[in-house]
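There are 2 protein chains.
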Amino acid sequence: MPRTTQTLISDRRRYLGPNVSTFYDEPVHVVRGEDVWLWDADGRKYLDCYNNVPHVGHCNPRVVEAICRQASTLNTHTRYLHDGILDYVARLTGTMDDSLDSAILTCTGSEANDIALRMAEAMTGKRGIIATDATYHGNTALVSQLSTSNPPKTGFGLGQYFRFVEAPDSYRRPDPDGTLFAEAVAEQIARHEAEGTGFAALLICPYFLNEGFPDHPDGWLRPVADVVRRAGGLLICDEVQSGFGRTGTHLWAHEKMGVVPDILTLGKPMGNGHPVGGVVTRSEILQRFREGYRYFNTFGGNPVSCAAAMAVLDELDDRDLVAQAAIVGNHARARLRALGERHAVIGDVRGSGLVFGAEFVLDRDSREPAVAYTDRVVNALRQEGFLLSKLGRHRNTLKIRPPMPFTTAHADSLIDALDDVLSRLPVTP
Amino acid sequence: MPRTTQTLISDRRRYLGPNVSTFYDEPVHVVRGEDVWLWDADGRKYLDCYNNVPHVGHCNPRVVEAICRQASTLNTHTRYLHDGILDYVARLTGTMDDSLDSAILTCTGSEANDIALRMAEAMTGKRGIIATDATYHGNTALVSQLSTSNPPKTGFGLGQYFRFVEAPDSYRRPDPDGTLFAEAVAEQIARHEAEGTGFAALLICPYFLNEGFPDHPDGWLRPVADVVRRAGGLLICDEVQSGFGRTGTHLWAHEKMGVVPDILTLGKPMGNGHPVGGVVTRSEILQRFREGYRYFNTFGGNPVSCAAAMAVLDELDDRDLVAQAAIVGNHARARLRALGERHAVIGDVRGSGLVFGAEFVLDRDSREPAVAYTDRVVNALRQEGFLLSKLGRHRNTLKIRPPMPFTTAHADSLIDALDDVLSRLPVTP
Numbered sequence: 001m002p003r004t005t006q007t008l009i010s011d012r013r014r015y016l017g018p019n020v021s022t023f024y025d026e027p028v029h030v031v032r033g034e035d036v037w038l039w040d041a042d043g044r045k046y047l048d049c050y051n052n053v054p055h056v057g058h059c060n061p062r063v064v065e066a067i068c069r070q071a072s073t074l075n076t077h078t079r080y081l082h083d084g085i086l087d088y089v090a091r092l093t094g095t096m097d098d099s100l101d102s103a104i105l106t107c108t109g110s111e112a113n114d115i116a117l118r119m120a121e122a123m124t125g126k127r128g129i130i131a132t133d134a135t136y137h138g139n140t141a142l143v144s145q146l147s148t149s150n151p152p153k154t155g156f157g158l159g160q161y162f163r164f165v166e167a168p169d170s171y172r173r174p175d176p177d178g179t180l181f182a183e184a185v186a187e188q189i190a191r192h193e194a195e196g197t198g199f200a201a202l203l204i205c206p207y208f209l210n211e212g213f214p215d216h217p218d219g220w221l222r223p224v225a226d227v228v229r230r231a232g233g234l235l236i237c238d239e240v241q242s243g244f245g246r247t248g249t250h251l252w253a254h255e256k257m258g259v260v261p262d263i264l265t266l267g268k269p270m271g272n273g274h275p276v277g278g279v280v281t282r283s284e285i286l287q288r289f290r291e292g293y294r295y296f297n298t299f300g301g302n303p304v305s306c307a308a309a310m311a312v313l314d315e316l317d318d319r320d321l322v323a324q325a326a327i328v329g330n331h332a333r334a335r336l337r338a339l340g341e342r343h344a345v346i347g348d349v350r351g352s353g354l355v356f357g358a359e360f361v362l363d364r365d366s367r368e369p370a371v372a373y374t375d376r377v378v379n380a381l382r383q384e385g386f387l388l389s390k391l392g393r394h395r396n397t398l399k400i401r402p403p404m405p406f407t408t409a410h411a412d413s414l415i416d417a418l419d420d421v422l423s424r425l426p427v428t429p
Numbered sequence: 001m002p003r004t005t006q007t008l009i010s011d012r013r014r015y016l017g018p019n020v021s022t023f024y025d026e027p028v029h030v031v032r033g034e035d036v037w038l039w040d041a042d043g044r045k046y047l048d049c050y051n052n053v054p055h056v057g058h059c060n061p062r063v064v065e066a067i068c069r070q071a072s073t074l075n076t077h078t079r080y081l082h083d084g085i086l087d088y089v090a091r092l093t094g095t096m097d098d099s100l101d102s103a104i105l106t107c108t109g110s111e112a113n114d115i116a117l118r119m120a121e122a123m124t125g126k127r128g129i130i131a132t133d134a135t136y137h138g139n140t141a142l143v144s145q146l147s148t149s150n151p152p153k154t155g156f157g158l159g160q161y162f163r164f165v166e167a168p169d170s171y172r173r174p175d176p177d178g179t180l181f182a183e184a185v186a187e188q189i190a191r192h193e194a195e196g197t198g199f200a201a202l203l204i205c206p207y208f209l210n211e212g213f214p215d216h217p218d219g220w221l222r223p224v225a226d227v228v229r230r231a232g233g234l235l236i237c238d239e240v241q242s243g244f245g246r247t248g249t250h251l252w253a254h255e256k257m258g259v260v261p262d263i264l265t266l267g268k269p270m271g272n273g274h275p276v277g278g279v280v281t282r283s284e285i286l287q288r289f290r291e292g293y294r295y296f297n298t299f300g301g302n303p304v305s306c307a308a309a310m311a312v313l314d315e316l317d318d319r320d321l322v323a324q325a326a327i328v329g330n331h332a333r334a335r336l337r338a339l340g341e342r343h344a345v346i347g348d349v350r351g352s353g354l355v356f357g358a359e360f361v362l363d364r365d366s367r368e369p370a371v372a373y374t375d376r377v378v379n380a381l382r383q384e385g386f387l388l389s390k391l392g393r394h395r396n397t398l399k400i401r402p403p404m405p406f407t408t409a410h411a412d413s414l415i416d417a418l419d420d421v422l423s424r425l426p427v428t429p
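Note that the protein sequences, when read in sequence, are chains A and B. Its first residue numbered 1, the first sequence is counted upward by one per residue in the UniProt record's numbering. Its first residue numbered 1, the second sequence is counted upward by one per residue in the UniProt record's numbering.
Structure below.
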């Protein structure tokens with residue numbers, strides 16, 4: 001018998017401990033998903049404007065079929081030979097720059113970033129890592145150190161190897177050609193070197209999704225990549241969120257931003273919710289890492305994971321979902337901007353493809369973040385049947401990042417609902 | 001078109017890098033699995049006497065059905081409410097001591113151990129970890145430090161927090177009541193304290209599977225547990241291999257060994273190959289950890305993983321597979337001992353339930369390990385259609401650890417084949 005919402009919440013506290021985050025003042029008890037839709041236990045339907053993990057749609061039939069077929073045929077580890085992992089890695093690396101030619105498959109993006117940082121140490125002999133101060137890259141002891149927003153109290157002293165730069169913010173602190181960001185990174189590189197940790201790598205989401213997807217021209221990362229390379233460090237692009245066509249214009253956000261990373265990490269959307277992650281890199285880096293450590297991951301690259309991940313690529317290709325994301329995203333942003341003409345709380349509209357949002361401000365001149373208001377809008381939309389969230393340094397930017405089959409009609413219904421909510425909710429601090 | 005074995009091997013080198021381990025001189029190209037059987041690309045059938053990940057059998061229909069049903073209904077993360085994770089954690093913790101009452105679900109055993117070590121740091125404020133010198137506990141930057149057999153060249157200086165004790169060895173260095181092991185651990189605790197790292201935890205597989213499953217009486221871990229607790233440290237039992245009834249006599253090997261761990265970590269067999277892991281602990285420990293770090297795992301505890309894991313428990317219960325493992329294991333070991341009367345190379349026969357094996361020696365008096373011979377036996381059995389491996393400090397012990405539906409008839413056919421191979425292969429160093 002399904003629990004009531006109250007029992008679910010108290011049982012979570014009992015079995016899973018405190019501090020287990022939920023979305024919304026009234027968390028949603030989901031029981032079913034299909035395409036861009038979720039249903040709760042009362043049969044209520046929600047338009048999913050948030051979840052990137054079900055990249056090609058909740059319960060995508062092709063992915064489900066691939067999982068069922070392979071799970072009932074064979075599921076084993078990579079100490080036996082199997083075509084699945086090789087077919088997938090060949091196809092995946094085939095979508096990238098020629099230099100990104102080999103991979104390790106993992107189960108999560110956290111595992112992928114954990115490997116990437118060790119690759120950087122293996123290549124440079126140094127340990128200093130740089131990230132932005134408003135991001136998240138995973139949950140292992142090592143990679144949890146990359147987040148200033150959720151700083152772990154424990155971590156075996158690893159914090160000493162991490163330094164942070166202010167996250168780019170095109171709305172409040174324009175940096176149109178990326179030189180300010182490059183300078184900030186150069187400064188932290190110098191500090192790493194001065195303090196004896198040395199500089200190993202810059203790890204960033206190339207589209208800065210958690211930071212609020214700042215509005216930058218294509219190629220914006222070139223100056224910082226130059227700084228990193230001149231200092232002998234590695235550029236690690238975490239495309240756990242930005243990859244697989246999310247930005248609409250490119251399959252990989254690093255291409256949009258004009259760089260080829262030394263290491264690319266993948267996760268969430270890769271298997272449409274099946275636990276798959278990966279590290280793609282140059283063979284010389286993979287070789288250096290593997291010669292120093294015989295990495296093995298029991299579930300990583302198993303035939304079922306590879307079948308799920310391959311089905312995701314098939315869906316993206318056959319349904320032309322990346323191009324569709326560009327069209328839908330452009331349409332949605334145009335409508336959001338039009339909304340801005342009637343709702344002064346909308347200070348900025350940004351994004352690319354199917355990651356976009358509006359930043360809410362109390363005053364367009366002062367740009368004071370409308371933090372509490374953003375929260376009320378997110379919760380009001382949830383009550384109206386639209387699931388999305390908020391993000392950015394001030395937590396005042398709507399985070400709209402739906403499954404890729406999201407259409408202009410879906411976008412229209414969301415923007416209409418947002419229009420209603422903004423008209424109804426008085427803007428107060 | 002499936003690749004040839006040679007192309008598979010060269011493509012692995014190309015796409016996955018060097019040092020990707022395979023089993024056997026001639027690796028097996030598997031294409032299908034069912035129950036205790038695997039088939040290769042040529043249609044050849046192998047009796048799987050090795051794989052514990054497909055715990056309730058390769059492609060177990062109940063697990064596959066659970067995965068397909070849930071994957072086509074809903075797969076999402078724990079920021080929404082769902083009964084699946086709560087039903088599973090309630091059922092799982094219900095099989096254990098009352099104190100082990102709450103859990104974090106992960107995707108891998110590595111992630112689970114990575115959390116467990118941080119829990120120990122959170123509880124004790126110290127960082128010194130102790131493990132045995134012939135084991136493996138996973139692949140993250142932190143937990144890869146636990147293995148002396150595959151020491152990572154990189155790891156952000158984490159090696160300083162790990163000390164090792166000689167793995168127990170009932171055949172060569174008897175310690176019938178566990179006091180020698182407890183003394184060895186006490187010595188390393190003192191060194192951790194003396195060197196300023198302090199002592200946080202002892203992390204062991206309670207049945208010492210990788211170490212060669214030494215033959216100890218039930219309750220053998222009590223002295224070491226006392227030493228650990230008196231020193232203010234935590235006992236972490238890694239039951240990634242030993243759990244879920246593997247030893248036949250108990251669902252959890254720590255019960256067999258007479259202790260209740262502070263933290264229990266789970267992995268491989270938990271979802272029958274679906275990527276699921278977990279950390280089970282007392283609520284006070286979970287609370288301390290979670291209050292110091294808002295841990296979230298995107299795929300961890302998702303409804304599909306929980307459905308797979310629940311189906312594994314259903315199969316174990318409904319088919320009484322733990323009791324069957326005890327019977328089959330006892331039968332197999334009796335036959336192995338009988339084989340020892342005719343084959344002097346068999347120096348020792350050990351194990352419990354469906355983890356067992358024979359240690360091969362060149363001479364029963366000197367007990368010199370027959371290392372190369374063991375390797376030849378493993379490869380000869382693979383050629384005969386029986387898949388198993390070798391382990392232990394000297395790599396001279398057969399590792400027999402089949403899926404739990406393994407029957408006495410399967411055991412008989414394996415022992416018969418082993419008898420043939422031992423009769424045929426001259427014992428040479």
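Using N, Cα and C, we set each Cβ at its ideal position, and we do this for glycine too. From a predicted model like this one, the values you see are computed outputs, not experimental measurements.
Asked: Complete beta strand (DSSP E) runs within the segment 366-396 of chain B (minimum length 3 residues, chain order); Found: 389-391
Asked: Integer Cβ distance of Val279 (chain A) from Ile115 (chain A), believed to fall under 8 Å; Found: 5 Å
Asked: Chain A contact for Val312 (chain B) (CB, 9 Å cutoff); Found: no
Asked: Test item: CB-CB of Val322 (chain A) and Gly245 (chain A) under 9 Å; Found: yes
Asked: contact_flag[the segment 49-56 of chain B, the segment 384-394 of chain B] where n(CB pairs < 8 Å) is 3 or more; Found: yes
Asked: Ser21 (chain B): contacting residues in chain A (beta-carbon distance under 7 Å); Found: Arg79, Arg294 and Phe296
Asked: Neighbourhood of Val20 (chain B) by C-beta distance below 6 Å, restricted to the same chain and skipping five residues each side; Found: Arg12
Asked: Rounded separation between Gly84 (chain B) and Pro303 (chain B) - CA only; Found: 5 Å
Asked: Which of helix, strand or coil DSSP assigns to Leu74 (chain A); Found: coil
Asked: Contact with chain A by Gly385 (chain B), beta-carbon distance below 9 Å; Found: no
Asked: Residue-chain proximity (Val64 (chain A), chain B), Cβ-Cβ < 9 Å; Found: yes
Asked: Contact list for Gly248 (chain A) against chain B, beta-carbon separation under 7 Å; Found: Simply none; closest approach about 23 Å.
Asked: DSSP state of Tyr161 (chain A) mapped onto helix, strand, coil; Found: helix
Asked: Range of the contiguous alpha helix (DSSP H) that encloses Phe356 (chain B); Found: From DSSP, Phe356 (chain B) is part of no alpha helix (DSSP H) but of the beta strand (DSSP E) over Val355 to Phe360.
Asked: Chain-ordered chain A contacts of Asn139 (chain B) [CB-CB under 8 Å]; Found: Glu111, Tyr295, Phe296 and Asn297
Asked: Assigned exposure category for Thr197 (chain A) - 16 Cβ within 10 Å defines buried; Found: buried
Asked: CB contact flag (Ser72 (chain A), Cys306 (chain B), <9 Å); Found: no
Asked: Distance, Ile236 (chain A) Cα to Gly292 (chain A) Cα; Found: 19 Å
Asked: Inter-residue spacing [alpha-carbon to alpha-carbon] between His394 (chain A) and Pro369 (chain A); Found: 7 Å
Asked: Complete runs of the alpha helix (DSSP H) confined to the segment 80-158 of chain A [at least 4 residues]; Found: 83-93 and 109-124
Asked: Cutoff 8 Å; reference Arg91 (chain B); Cβ partners in own chain excluding five residues on either side; Found: Met310 and Leu313
Asked: Any non-hydrogen atom of the ligand PLP within 8 Å of Asp348 (chain B) CB; Found: This structure lacks the ligand PLP; in fact it carries no ligand of any kind.
Asked: Cys68 (chain A) in three-state terms, based on DSSP; Found: helix
Asked: When B:Asp177, B:Arg127, B:Pro168 and B:Asp175 are compared against Leu158 (chain B), the one with the closest alpha-carbon; Found: B:Arg127
Asked: Limits of the unbroken alpha helix (DSSP H) element including Glu195 (chain A); Found: From DSSP, Glu195 (chain A) is part of no alpha helix (DSSP H); its letter is neither H nor E.
Asked: Best match in A:Trp220, A:Ala411 and A:Val227 for proximity to Gly329 (chain A) [C-alpha to C-alpha]; Found: A:Ala411
Asked: Boundaries of the alpha helix (DSSP H) in which Ile415 (chain B) is found, first to last residue; Found: Thr408 to Arg424
Asked: DSSP three-state assignment for Cys237 (chain B), whether helix, strand or coil; Found: strand
Asked: Simplified DSSP assignment, three categories, for Glu166 (chain B); Found: coil
Asked: Range covered by the alpha helix (DSSP H) that runs through Val227 (chain A); Found: Arg222 to Arg230
Asked: Buried/exposed call for Arg350 (chain A), threshold 16 Cβ in 10 Å; Found: buried
Asked: Residue from B:Arg294, B:His274 and B:Tyr46 with nearest C-alpha to Ala380 (chain B); Found: B:Tyr46
Asked: Neighbour list for Gly17 (chain A) in chain B, Cβ cutoff strictly below 7 Å; Found: Ser102, Ser283, Leu286, Gln287 and Arg290
Asked: Per-residue contacts from Asn150 (chain B) into chain A (C-beta, under 8 Å); Found: Tyr293 and Arg294
Asked: One or two residues paired with Trp39 (chain B) in a DSSP bridge; Found: B:Arg32 and B:Lys45
Asked: Cross-chain neighbours of Phe156 (chain B) in chain A, by beta carbon under 7 Å; Found: Glu121, Arg127, Leu142, Leu158 and Tyr161
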